Amino acid sequence: MAVPLSTLVEEADRYLGSAKIADYCPNGLQVEGRPQVMRIVSGVTASQALLDAAVEAQADLILVHHGYFWKGENPCITGMKQRRLKTLLKHDISLLAYHLPLDLHPDVGNNVQLARQLDITVEGPLDPGNPKVVGLVGSLAEPLSPRDFARRVQDVMGREPLLIEGSEMIRRVGWCTGGGQGYIDQAIAAGVDLFISGEASEQTFHSARENDVSFIAAGHHATERYGVQALGDYLARRFALEHLFIDCPNPI
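Just so we're aligned, residue 3 is where the sequence shown starts under the working numbering, counting upward by one.
Printed below as a string of structure tokens:
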């Protein structure tokens, strides 16, 4: 069955509480397409590859974590941006994007979903006193060596992670999907044995090594595949729609 676009967007906004979350981009409906939605295609980033795949799949709406119109970017509709918007408008496809609301959500959020994939029990926020820190902290049912946990990450993600190995067994874990490597100091203050993020910076190595904490960079794209899938599944169940997640490979 079909659902009005406005009804679907209203439910997604409500479910994620996006109006209450300050962000670096507009959350919600970024490009308006046809007024009825039957088929959702979801993906991590609204790249040209995802748009082309969605056109091929005859999507009515594309749901992503990384959309358009970021603060500070050139507002001119030229080059890559023009080609992407032209594809959406030509095919009358809507673009629905949620950034921080999809990192923070307690059920379909990227961080909670990654914990479920890696069998980590969520205990709470990484930095309870700072709501701007979107990471979480949790524990493993049984302690693992850093290398054994890295193998678990590789099995789940389908790619070899970067591992900076500390000397301690892994019991307590902190993590922030995507580009969350800057939260390693908060993770260390929270007493973790391991911090996981999508990316690594040069200084991440020194923070991990000098504090004897293990660190894993599992991929920005790879760690943020699960939230948008879960949100797409939720909307599909809620409105009896078709939902297809399309993974456009990204090594970063």
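C-beta: ideal position from N, C-alpha, C; glycine also. If you're wondering where the values come from, they're calculated on a predicted model, not measured in any experiment.
Legend entry - Assumed close pair Met171, Ser147 - CB separation to whole angstroms, cut-off 8 Å: 6 Å
Legend entry - Nearest residue (CA-CA) to Thr111, options Gln183, Leu10, Val33, Cys178: The sequence shown places Gly at residue 111, not Thr. Looking at the Cα atoms, Cys178 is the closest of the given residues.
Legend entry - Residue range of the beta strand (DSSP E) that includes Ala99: 96 to 99
Inset, instruction - Answer with buried or exposed for Asp195, where buried requires no fewer than 16 other C-beta atoms within 10 angstroms of its C-beta. - result: buried
Legend entry - Outcome for Leu91 when other beta-carbon atoms lying within 10 angstroms are tallied against a minimum of 16: exposed
Inset, instruction - Keeping to the same chain, check which residues put their C-beta closer than 6 Å to that of Ile190; ignore five residues upstream and five downstream. - result: Asn213, Val215
Legend entry - Proximity to Asp26 [Cα-Cα], best of Ile42, Ala242, Tyr70: The residue you asked about is not Asp; residue 26 is Tyr in the sequence shown. Among Ile42, Ala242, Tyr70, the Cα nearest to that of Tyr26 belongs to Tyr70.
Legend entry - Spatial distance of Leu116 from Asp235 (CA atoms): 16 Å
Legend entry - Sub-7 Å separation of Ala51 and Val43 beta-carbons: no
Legend entry - Limits of the beta strand (DSSP E) - the one that Phe217 falls within: 216 to 219
Inset, instruction - For Pro127, write down the residues that DSSP places opposite it in a beta bridge. - result: Leu138
Inset, instruction - Taking all protein chains shown into account, decide if Pro77 is buried (16 or more other Cβ within 10 angstroms of its Cβ) or exposed. - result: exposed
Legend entry - Backbone secondary structure at Gln84 - three-state DSSP: helix
Inset, instruction - Would you please state the rounded distance, in angstroms, between the beta carbons of Ile23 and Leu106? I believe it to be under 8 Å. - result: 7 Å
Inset, instruction - State the CB to CB distance for the pair Gly35 and Leu65, rounded to an integer number of angstroms; the pair is presumed to be in contact (CB under 8 Å). - result: Incorrect: roughly 12 Å between the Cβ atoms, too far for contact.
Legend entry - Classification of Gln84 by the beta-carbon crowding that lies within 10 angstroms, buried from 16 upward: exposed
Inset, instruction - Rank Glu226, Arg41, Ala202, Ala238 by C-alpha distance to the C-alpha of Ala219 and give the top, closest one. - result: Ala202
Legend entry - Chain-order list of residues whose beta-carbon lies under 6 Å from that of Leu1 (same chain, five-residue window excluded): The first residue shown for the chain is 3 and the last is 254, placing residue 1 beyond what the model contains.
Legend entry - Buried versus exposed, by CB contacts within 10 Å (16 or more), Asp157: exposed
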